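Chemist: At position 80 of the sequence shown (counting the first as 1) the number is 1235 in our numbering, and the numbers step up by one without a gap.
Yeah, the Cβ is synthetic: ideal placement off N, Cα and C, and Gly gets one too.
Model, not experiment: these values are computed from the prediction.
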Amino acid sequence: MPNPIQCNDTEQFQLRRHGDNVTGFSLPVAMAFSTDAAARAQVPQISPNSDSAEAFVKRLIVQGVLDVLEQQGRAAGLSDSVITTILGQLGINVLYTPLPCPK
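1) Who does I1188 pair with in a DSSP beta bridge?
2) Using alpha carbons as the reference points, say which of V1184, G1246 and C1256 lies closest to L1221.
3) Between A1187 and L1224, what straight-line distance do the alpha-carbon atoms span, to the nearest angstrom?
4) Do you know offhand how far Y1251's Cα is from I1241's?
5) Where do the ends of the alpha helix (DSSP H) carrying I1238 lie?
6) Quick check: A1185 and Q1197, are their CB atoms within less than 8 angstroms of each other?
7) Whole angstroms is fine: what's the gap from V1217's alpha carbon to A1193's?
8) Indicate the three-state DSSP secondary structure (helix, strand or coil) for V1217 in the structure shown.
9) Leaving out five residues before and five after D1191 in sequence, what residues of the same chain have Cβ atoms less than 8 angstroms from its Cβ?
10) Where does S1207 sit, in a helix, a strand or coil, going by DSSP?
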């Protein structure tokens, strides 16, 4: 995953890499957002607004859930048509508040 970040709400836009975290994973830059053009020029992968960051997260989660469920269906010996039917009936709701990086 791309650069894990931390945003500081200071006069100057700052990004710091997290070296360690307690959860064992890091967040892609696109999970945060900035409407500031200078910030986006400095970190092109950052989402341009909250909606874009939310959409990015939703795509990641939905695809991950569907991939795992498909693998589990195959491991259980289900046919492709049964797996497709089951996956087509799922509704996945993602609640995420993106990290704002104002400057």
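Modeler: In this structure, then:
1) With the sequence shown as reference, residue 1188 is identified as Phe, and Ile is not the correct amino acid for it. BP columns for F1188 point to S1202 and P1255.
2) G1246
3) 28 angstroms
4) 25 angstroms
5) D1235 to G1243
6) no
7) 31 angstroms
8) helix
9) F1168, C1256, P1257 and K1258
10) helix
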